[in-house]
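>
There are 6 protein chains.
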Amino acid sequence: MKPIDRVTEISAKISSMEIRGAGRIATAAAKALRDFSQTEEAKSLEDFNQRMELAADILLKTRPTAVSLSNAIRMVMKYRKDDLAAARESVIINANRFIENSEKALEKIGQIGSKRIRDGDVILTHCNSLAALSVISAAHKLGKSIKVIATESRPRFQGITTIGMLDQMGVETELIVDSAARSVMNEVDLVVVGADVITASGTLVNKIGTAQIALFAHEARTSFMVAAETYKFSPQTILGELVTIEEREPGEVLADHSRYSHVRVRNPAFDVTPHQYIDLICTEVGAIPPEMSYLIIKERLGWEIEE
Amino acid sequence: MKPIDRVTEISAKISSMEIRGAGRIATAAAKALRDFSQTEEAKSLEDFNQRMELAADILLKTRPTAVSLSNAIRMVMKYRKDDLAAARESVIINANRFIENSEKALEKIGQIGSKRIRDGDVILTHCNSLAALSVISAAHKLGKSIKVIATESRPRFQGITTIGMLDQMGVETELIVDSAARSVMNEVDLVVVGADVITASGTLVNKIGTAQIALFAHEARTSFMVAAETYKFSPQTILGELVTIEEREPGEVLADHSRYSHVRVRNPAFDVTPHQYIDLICTEVGAIPPEMSYLIIKERLGWEIEE
Amino acid sequence: MKPIDRVTEISAKISSMEIRGAGRIATAAAKALRDFSQTEEAKSLEDFNQRMELAADILLKTRPTAVSLSNAIRMVMKYRKDDLAAARESVIINANRFIENSEKALEKIGQIGSKRIRDGDVILTHCNSLAALSVISAAHKLGKSIKVIATESRPRFQGITTIGMLDQMGVETELIVDSAARSVMNEVDLVVVGADVITASGTLVNKIGTAQIALFAHEARTSFMVAAETYKFSPQTILGELVTIEEREPGEVLADHSRYSHVRVRNPAFDVTPHQYIDLICTEVGAIPPEMSYLIIKERLGWEIEE
Amino acid sequence: MKPIDRVTEISAKISSMEIRGAGRIATAAAKALRDFSQTEEAKSLEDFNQRMELAADILLKTRPTAVSLSNAIRMVMKYRKDDLAAARESVIINANRFIENSEKALEKIGQIGSKRIRDGDVILTHCNSLAALSVISAAHKLGKSIKVIATESRPRFQGITTIGMLDQMGVETELIVDSAARSVMNEVDLVVVGADVITASGTLVNKIGTAQIALFAHEARTSFMVAAETYKFSPQTILGELVTIEEREPGEVLADHSRYSHVRVRNPAFDVTPHQYIDLICTEVGAIPPEMSYLIIKERLGWEIEE
Amino acid sequence: MKPIDRVTEISAKISSMEIRGAGRIATAAAKALRDFSQTEEAKSLEDFNQRMELAADILLKTRPTAVSLSNAIRMVMKYRKDDLAAARESVIINANRFIENSEKALEKIGQIGSKRIRDGDVILTHCNSLAALSVISAAHKLGKSIKVIATESRPRFQGITTIGMLDQMGVETELIVDSAARSVMNEVDLVVVGADVITASGTLVNKIGTAQIALFAHEARTSFMVAAETYKFSPQTILGELVTIEEREPGEVLADHSRYSHVRVRNPAFDVTPHQYIDLICTEVGAIPPEMSYLIIKERLGWEIEE
Amino acid sequence: MKPIDRVTEISAKISSMEIRGAGRIATAAAKALRDFSQTEEAKSLEDFNQRMELAADILLKTRPTAVSLSNAIRMVMKYRKDDLAAARESVIINANRFIENSEKALEKIGQIGSKRIRDGDVILTHCNSLAALSVISAAHKLGKSIKVIATESRPRFQGITTIGMLDQMGVETELIVDSAARSVMNEVDLVVVGADVITASGTLVNKIGTAQIALFAHEARTSFMVAAETYKFSPQTILGELVTIEEREPGEVLADHSRYSHVRVRNPAFDVTPHQYIDLICTEVGAIPPEMSYLIIKERLGWEIEE
């Protein structure tokens, strides 16, 4: 098997969603580039650069809109270009650092985020975010007495996964339908949700229903925290790109939708929460206001606004 | 069977929910009182009054919080008290008028409400309200080109009943999960929902999720119309009573909830929409602003604020 | 000339806009009906009723959407129907009362509205409303020191007429372009505008730009008063009718619009101000909150919500 | 002593504030008119009318801006004018009814208002209102578990009187400075305050600081209830009158203010809360939305908007 | 002609507005400084510095409040101060870079901004901004189907210039009076306007009427984008300076204003839009949130907050 | 006396509040560390480091939540660690720079902040902040005609100190109770307050009542400026820490609180103002938007978000 074939193999697994989840995709791509840089047999720096570009391209095309994937690739590809040896070594260093940071990110987010939770707090969460649950779990482990309200998160009922995990941890939990979120909001002290993408403006793209909950929190003067790894920040939005909202298949909402003549199912997967409704984004490098997202993109993800 | 036993029989059917639905309960009670007034054998007006009071009481106790029931009984019991014959006759007239008005109410609401719908309007509805659907159906029959967006209305999926009815009518319809209501609101021209109770202040008590939708409509400058028969207005709220929000059984939300140790299901059936978010209440006697609710109570339901 | 020809003659003048302005149209129609009732030669009450209906119909058709016209006709047609003589007399009484009330309305509005103006107030007005100017003029005559800011009110520059009238009165006045309304709002103590139509919900339909100014006033906690004769209230809106917003000809905005291939001029004459932005409606019968509009319609204009 | 001298004597006590408090002033005036009507020796109805007018005038001039006083006098002066005997009798009936209603008002307000209080509610109150305390006391006597947060209400520290009364009742109470009202608002379920004047638009004029608290309640989605006898409603506002905000003496705020050369103390006694921030006005005749204030004025206080 | 006279000559043209428009002024000044640095005959670095300071000063005084002018001069004057030769060379480099960047800025803004426009979007624009039109034009050239609504922009009717340019491009356009902006806002997907000045806080100073439109967009949840070259950002605002709003001559609004005795025309040229109403500022270096303005000032314009 | 005893001595004075006030505490700690570094007799860099750490620790423990103290210590402790001599010298430089900057900060804040004040402005201030008064004083000295409204600031009446200082300066001043802040806000052009702590998100922690005033300013579109030295910014909040709100003793509010059985005094010293209500933070290094707080922390206080 040629080195590039190994890259293609991993790419196929990402495409087919055998490898999925923002973190796992990113890590797999970083590893693939790292391993490729050690096995290909470039004779010159120029040759090496070309081969790396090719490999990066193959990986990027598997899920062009997955922000964690492009962030991982960009981080690795910022290798030193002094000479061939330095380049190879630099790829390893970059990849390993990215992988290590990602692996530690959830734990660090838990550490940092749990400081915002006070004894007796009622926390509302939506969908099933590992980063959000890391914050809740860390607070619980610190012995803080907390209660969680979880929405069921139609159409895919990820809230049921969430209550299962909280039940395992021994956290007192209440389950509500999504329509009851505003009714309970006056009891809630803090909302904690995850992120699919965070733009340069601090706008949050997340599971459908998140924007509604953020509005209710804002209306009730309840704090709203996003828990997210830094690789969720989207550099492309600096260049004017809009984040596309995926429309998923109707069967998720209504099994027998085809029996209706005049009815169409609409199933948007995400919605958009403006930064005005977000108090804090808790990342592995600190708890920042959403207005600082551009700085995170610049300092962590290595994108300049002018290229 | 003694006349009063017939009243008890009807009462049992209302209690057991054999007879159910705000309109059907109210009509059954009015008929029961009317029939009783013709069959009991009072010898004096005083005697008649006592018997009628007894019958009214039996009926009222079946569902003390059902506002349509108490409204029906109050309307019938406002019979003339000149003499026995006049009283009997007056009970018939009152009961028949109430029954007739209720029967025509849906159609009239459709007529009046459909005038507010313009050609090309996109209408969002929640849950399954016959009054709201009467407005939509009347507009559709007038040849106005409309599109309806229906929420699925968890936990009992009444939205599926709604899209079935709209599909039958041939109205172009879209189905969304409740969490997508805000995402689509900028496309919507008018929200139309029904009512469980309307208070003296014009506050709406309706299916859980309604208050969220009203907030989204308000935020997006989309009109919000309630379609409701006048017997949905609650006179007791003038006397300071709060409308109680029923908590329904957890199984509606999650079948196997008992397998969790730390999880409780909360299932509030209704929520409360303040009158500031309501543009118009369309009743069978006209399209009124919510602030006029007190007048409707006074003029139609015969309650004075000082008794 | 037959009596009915006189009615037709007046109708023609209303149609051709020889007679125009909400007040003048209403008065002309009331006079026409009054005069007709004295000259036609009905032999029976029934005959009289038919002839009156015919005359009313001719007049109503001239401007079916002019709310003052239909209000005037409805008021006159509520004549007593005991016998022919009483009917004739009652038409005279009704017509004269309507005419007299209308004539005095501007002055009374000035009296009542000027009480809301304090010494030193800065008042903003839009377009050219005689009722609004009556309030300002009355306050000025009472010796209150006031300043008026008038918008130019594109496209027809009615603001220029307004500053001319204020200049005549000797009132200190400032003229601004419509786009500067928000910039000056923090200096303003009170906005006073007129009305084209007021609905049963207290919604105001008035000259394009009014809704913007109401929003600025609301934002700046500046009071917003509408000055309007009671015949501006629209009974039809109780029955669900929407007020249509007239689109006027493009030439008012841009003389040479036809020289463009891809450009269309839009020229809506009115806009819609929700009652939440209106503090008070000053009429000839008192200063009422907009939520009381339904009562005015019922008590003054004689429309029941159920017919 | 001549009958009119007795009226003058009472007037003097009102002027000197020997008789003070909205309720006591009103009752004293009603009694004075009643007693005068029985003692003066008018020979004709016309004579009687003149004498009564004179007495009413003397009383009214003592505190021309006290709305309870003018309401009491207007109610009594609406006596029948058939003949002298009927007039005299009618004055007694009117006066007694007003007095009796006023006396029972506090208790009835307590009964009606306490229904809005749920077990476990936290109630914030401002200043020292007997009507507001009647609501709290009635709820406490019904065995509802409640907590009250009272502001100290600078400059005159009426909050200290309030906590003394609550302490006597055995109600759990917390005292805060006025500046802490917003900080605690998220814990509060219901704000209950009294009223100095309520206008035809449902606007509340009350102790300085009330408007701030209403804004905080609105912001936090906390209910805001006004407890007020119907004689607090101001008919004059229908005729366009503005309620004047009294400026009290500087010494209330700062004892040694005269030692400063460039400092002036401003001490407004009241502020103005718009009806949008008020959920309910609890009166002795029912719990009404503020938008219904005009109706209360019309039905209870006997003022028509057109005279 | 002495070198400094050439600077004076250019300065005169800027003063007299022969050279005008933010971009052209800035470019002219940069060129003047560049050319001067090559022609003056300084003998030492110190001498050179003094001469350059003099020239810069002459240029700056022509339009002291024109932010593009001071930005251009500051950029050029940041030349290296190692020795005379390096200084001369550095001035050329700085000036040429500023000129080149400015020239390319419009095109780059078009590229970046057009990515935010989706097929089918309705775009509202105000006044006549080349940067805003560059965004619209780029989207149109990309084949996106768009419609533009342009305000006429009283008092100088720049909107007529705008519709002429859009007509030339073949973009479907609608013209409205400024007062109709709120009426059409619910149809609009995106507002795009230019800028006169952007402060360190992201506050926008632009043509009178802009702030109103931003408020309407915010109210209707419509996106609001500013298109602006980076030289529009104002470093002085970091040092606490307020941007002065120019008051232009009354004749622009009303030709014959002098015939009135009591009327004054107010003609503010600009207004102030707070950053809360701005979603994105599209510059030639990227699409940034307004909160990032300080960074742009620091990184692009070379001002530190502490000097 | 051993060098470390001198540190302990200063620490004791800070603990006992003999040395108090954010600025004085910070300066004392910086001096203590500086002096200690010159007197202890470390033999190696390692030894020096340990001794310095010990001294820093003793100082930090005196007031662990005083943000100026920890900022001062952190600044000094960032000394160079090349060798012992360099370290000693670097401590002096750091300490002196911190002390000098702090001393000049008030004056610079006055210079920068006073540019935001226009002739004729009415300024409201709360509590007694030297930084806020420096802005006011600088504007007054520049000859700008200003008026100040000062709240009394219960419970400790710091407003009385403020009016005393303003009276000395000759600034026209008005004193109000805290409850009157909203009543006067429409007259106010600018609010200027100080800060206890500013978080990484730009959130302000300041004297109880500040958040209320910020809300009123926001509501009335009045500018809200915070005047604060950079050492008031809190780096810990980047790491997720919440700022604790101190509860002070009840006697400050009510002297004889112990005589009540059911009454508790609550006396929170500070409240929290969200950055959305703050227009500008005026520091000694410039006037920045609150969203820039993170940058100030990073650039001035030397904290990285990832350590």
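Chains as they are written, first to last, in the numbering used here: chain A, 128 to 434; chain B, 128 to 434; chain C, 128 to 434; chain D, 128 to 434; chain E, 128 to 434; chain F, 128 to 434.
The C-beta atom is built at its ideal place from N, Cα and C for all residues, glycine as well.
1. Straight-line CA distance for E434/E to S361/E?
2. I need the boundaries of the beta strand (DSSP E) containing I415/D, first residue and last residue.
3. Note down the Cα distance separating R393/B from A307/A, rounded to an integer number of angstroms.
4. Can you pull the chain F neighbours of G367/E, defined as C-beta to C-beta under 7 Å?
5. Under 9 Å Cβ-Cβ, which residues of chain E neighbour S388/C?
6. List, from N- to C-terminal side, the beta strand (DSSP E) runs of 3 residues or more that fit wholly inside the segment 287–364 of chain F.
7. With DSSP as the reference, label E434/F as helix, strand or coil.
8. Return the residue from the list Y421/F, D246/F and R283/F that minimises the CA-CA distance to V275/F.
9. What residues in the segment 335–360 of chain F have a beta carbon less than 8 Å from any beta carbon of chain C?
10. Pop quiz: N78/A and Q295/A are said to be a contact at Cβ under 8 Å. What is the actual Cβ separation, rounded to whole angstroms?
11. Identify whether E234/B lies in helix, strand or coil by the three-state DSSP scheme.
12. Closer than 9 Å, CB to CB, is N313/B near chain E or not?
13. Quick one: which residues of the segment 193–212 of chain E get their C-beta closer than 9 Å to a C-beta of chain F? List them in chain order.
14. Below 8 Å, is the gap between the Cβ of E418/E and the nearest heavy atom of the ligand MG?
15. Does chain F have any CB closer than 9 Å to the CB of A307/D?
16. Does any C-beta atom of chain A lie closer than 9 Å to the C-beta of E418/F?
17. Any idea what DSSP makes of S420/A, helix, strand or coil?
18. Can you name the residues of chain B whose CB is closer than 9 Å to the CB of G329/C?
19. With a 10 Å radius around its C-beta and 16 neighbouring C-beta atoms as the bar for buried, classify T337/F as buried or exposed.
20. Per DSSP, what kind of secondary structure is R161/F in: helix, strand or coil?
21. What is the rounded straight-line gap between the Cα of S420/A and the Cα of S328/A?
22. Could you tell me whether the Cβ of H402/D comes closer than 9 Å to any Cβ of chain F?
23. Can we say the segment 403–414 of chain B touches the segment 334–354 of chain B, given the rule of at least three CB pairs closer than 8 Å?
24. Mapping the DSSP letters down to three states, classify R147/C as helix, strand or coil.
25. Just list the residues that DSSP pairs D398/B with in beta bridges.
26. How should E411/F be labelled, buried or exposed, when 16 other C-beta atoms within 10 angstroms of its C-beta is the threshold for buried?
27. Pull the bridge partners of A277/B from the DSSP assignment, please.
28. Give the single residue among D174/D, E230/D and A182/D whose Cα lies nearest to the Cα of E136/D.
29. How about D305/F and V315/D: do their beta carbons lie closer than 9 Å?
30. Looking at the secondary structure, which residues open and close the alpha helix (DSSP H) in which I408/A lies?
31. Cutting at 6 Å between CB atoms, please list the residues of its own chain near H384/D, excluding the five before and the five after it.
32. I'd like to know whether the C-beta atoms of V298/A and V319/A end up nearer to each other than 9 Å.
Let me spell this out:
1. Caution applies to E434/E, whose pLDDT of 41 falls short of 50 and renders its modelled position unreliable; the value that the coordinates give is listed next. It is roughly 16 Å from the alpha-carbon of E434/E to the alpha-carbon of S361/E.
2. G413 to I415
3. 9 Å
4. Going along chain F in sequence order, the residues near G367/E (Cβ under 7 Å) are I239, G240, K242, R243, C409 and A414.
5. D294 and G297
6. 299–303, 317–320, 331–334 and 350–354
7. Because the pLDDT of E434/F is 41, which lies under 50, any placement of that residue in the model is unreliable, and the question is left without a value.
8. D246/F
9. Per Cβ criterion, the list reads E346, A347 and R348.
10. This structure gives no information on residue 78/A, because the portion of chain A shown stretches from 128 to 434.
11. helix
12. For N313/B, the closest Cβ of chain E is nearer than 9 Å.
13. none
14. Of ligands this structure carries none, so the ligand MG is not represented either.
15. Answer yes: the Cβ-Cβ gap between A307/D and chain F drops below 9 Å somewhere.
16. Closer than 9 Å: yes.
17. helix
18. P416 and E418
19. buried
20. helix
21. 6 Å
22. No Cβ of chain F is located within less than 9 Å of the beta carbon of H402/D.
23. yes
24. The answer is coil: DSSP assigns R147/C none of H, G, I, E or B.
25. N333/B
26. buried
27. T252/B and L302/B
28. Comparing Cα-Cα distances from E136/D to each of D174/D, E230/D and A182/D, the minimum goes to A182/D.
29. no
30. No alpha helix (DSSP H) holds I408/A; the beta strand (DSSP E) holding it covers L407 to T410.
31. P377 and V392
32. no
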